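Residue 494 in the working numbering sits at position 277 of the sequence shown; the count goes up by one each step and never skips. Cβ coordinates follow ideal geometry from the N, Cα and C atoms, glycine included. Owing to the predicted nature of the structure, the values given are computational and were not obtained by experimental measurement. Below: the structure, in structure tokens.
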Amino acid sequence: MDTKYVEARAYPTIGIILLGGVSDEINRLPLHTTAGIAYTGLNNEIYVKTDLYISKNKKGIVNGKDIDVNSERSPFRVIDKYKHEILMRAGEDDDMNISFISENVNVLSGSSDAGAAAIGICIESIFEYNINIFTFENDLQKISESAGRSLYGGLTINHANGKESLTDHILDADAFDDYVIVGCHFSDNRQPSDVIHKNIIKHPEYPERVKNSEKKAKELEKLAQERNIKKIFELAENDTDDYHRLLNDVGVHIITGEMKNFIERVKELKNNFWNAYIVTGGTNVFVAVEKKNMNKVADEAKNFNAKPVFLKVAGPPEVISRN
Ligand code: 3S4
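Okay, here's the thing in structure tokens:
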């Protein structure tokens, strides 16, 4: 009989300094420094939920579908590394297996970060203080390159150069309490993130982007110390423009005509109230505003056939239950 061992919940992420380019398909270490926030709905109703359980057969289910346990980004790349230790702590023999079930609940994008972090926090909760925190994040990056964003929550910087990568948590979620991000969802079709990673590096200006990411991260650290949330989102907006300009030049078009028209309207609205927009790898325009203006953005989004969802910055993952 399968025994449920631990259940955790982690939050998806949005890039602030966007990630484009990873070391290779196995380690997935980012080629440059990036930053991001974890997010959820205003009532915490957006998350990835993962159960780790002990079973006779090895099985991984994501959103109701069996995954290929040997695929490159398979969570078993991490689970298998810790399998013996987990089974030992559960008092089980090595002929048993660890399986998982993961479910995305209302996620707009950034689900793989949350999926990786949820698996991570399940494992960490079993290990308590004995896990090697220096390599654990790199293990989770094999599932998702920006897993650190979800693992620590709030605002994080991932310092990386394609060989080494470590995430630094620089601001708690509550620093963003006066703001709402209106996630405007345009379509369920998106480019896989690997299309982004493989192509952006071909741009002649990519080395410049790598260098600038260090400067942007320094600026972000300063803004986080000052708790200057507006400037943090403005930095993200500038980075969005740069990222998608490069991507368009190498033939990766994420911002559709309708998204572009909406962004033009969001820019016009800056004459009426402060806002900043972000587009990551999915077909969403995330518009940060002060809480009092969230409905104005939502109403505009509907005029452009987008579905608006109110978001807030989320904290780190949570263990929901453990045997
Ligand atoms: C491509 O891990 P998304 C990107 O920094 C994440 O948010 C890559 O976005 C860019 O696929 C980013 O999570 O939407």
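Check, Outcome
"Give the DSSP bridge partners of serine 361, in chain order.", "In DSSP, serine 361 forms no bridge with anything."
"Which residue comes first and which comes last in the alpha helix (DSSP H) that contains histidine 301?", "293-306"
"Nearer than 7 Å: is that true of the beta carbon of threonine 457 relative to any heavy atom of ligand 1?", "no"
"Please say whether cysteine 401 and valine 286 have beta carbons closer to each other than 8 Å?", "no"
"Taking Cβ positions, are proline 530 and tyrosine 256 nearer each other than 8 Å?", "The sequence shown places valine at residue 530, not proline. It is a contact, given that the beta carbons lie within the stated cut-off."
"Output the boundary residues of the beta strand (DSSP E) element that contains threonine 544.", "Residue 544 lies beyond the stretch modelled for the chain, which goes from 218 to 540, so this question has no answer here."
"For proline 534 versus arginine 226, is the C-beta spacing smaller than 8 Å?", "yes"
"Among Ile343, Gln442 and Val223, which one has its Cα closest to the Cα of isoleucine 387?", "Gln442"
"Closer than 7 Å to a non-hydrogen atom of ligand 1 - does that hold for the CB of threonine 251?", "yes"
"Can you tell me which residues form a DSSP beta bridge with asparagine 314?", "Ser272"
"Looking at ligand 2, does it come within less than 7 Å of glycine 337, judged from the CB to the closest heavy atom?", "The ligand content of the structure shown is limited to ligand 1, which means ligand 2 is not among them."
"Quick check: is any heavy atom of ligand 1 less than 7 Å from the C-beta of leucine 235?", "yes"
"Quick test of the definition: if touching needs 3 or more C-beta pairs under 8 Å, does the segment 261-277 touch the segment 464-472?", "no"
"Can you give me the C-alpha to C-alpha distance between isoleucine 350 and lysine 419, rounded to a whole angstrom?", "33 Å"
"Quick one: does the C-beta of serine 382 sit closer than 7 Å to a heavy atom of ligand 1?", "no"
"Using three-state DSSP, classify glycine 277 as helix, strand or coil.", "strand"
"What does the alpha-carbon distance come out to for the pair tyrosine 460 and leucine 235?", "7 Å"
"Can you give me the C-alpha to C-alpha distance between asparagine 406 and aspartate 310, rounded to a whole angstrom?", "44 Å"
"What three-state label does DSSP hand histidine 461 in the structure shown?", "helix"
"Specify the secondary structure class of asparagine 260 as computed by DSSP and reduced to three states.", "coil"
"Glycine 370: which of Leu528, Asp389 and Gly379 sits nearest, CA to CA?", "Asp389"
"Give every residue of the same chain whose Cβ lies closer than 6 Å to the Cβ of arginine 294, excluding the five residues on either side of it in the sequence, and list them in chain order.", "Lys359"
"DSSP three-state call for threonine 352: helix, strand or coil?", "helix"
"Might you give, ordered along the chain, the residues of its own chain that have their beta carbon closer than 7 Å to the beta carbon of glutamate 422, omitting 5 neighbours on each side?", "Leu463"
"Just the C-alpha distance for cysteine 339 and glutamate 362, rounded to the nearest angstrom, thanks.", "19 Å"
"If you draw a straight line from the alpha carbon of serine 410 to that of proline 525, how long is it in whole angstroms?", "23 Å"
"Hey, could you find the ends of the beta strand (DSSP E) histidine 249 is sitting in?", "Histidine 249 -> no beta strand (DSSP E), and no H or E assigned at all."
"Determine, using beta carbons only, whether tryptophan 491 and valine 502 come nearer to each other than 8 Å.", "no"
"Count the other CB atoms within 10 Å of the CB of glycine 253; is the residue buried (16 or more) or exposed (fewer)?", "buried"
"Tell me the residue span of the beta strand (DSSP E) that contains glutamate 309.", "No beta strand (DSSP E) holds glutamate 309; DSSP gives it neither H nor E."
"Please work out which residues of its chain come closer than 8 Å, Cβ to Cβ, to leucine 486, disregarding the five sequence neighbours upstream and downstream, and give them in chain order.", "Asn492, Lys513, Val514 and Glu517"
"Per DSSP, which residues does serine 382 bridge with? Please list them.", "Ala377"
"When you measure from the CB of tyrosine 327 to every non-hydrogen atom of ligand 1, does any distance come out below 7 Å?", "Reading off the sequence, residue 327 comes out as glycine, not tyrosine. Flag set: Cβ of glycine 327 near ligand 1."
"What did DSSP end up calling asparagine 321 once you bin it into helix, strand or coil?", "strand"
"Could you tell me which of Lys415, Gly498 and Phe403 sits nearest to glycine 474, measuring between CA atoms?", "Phe403"
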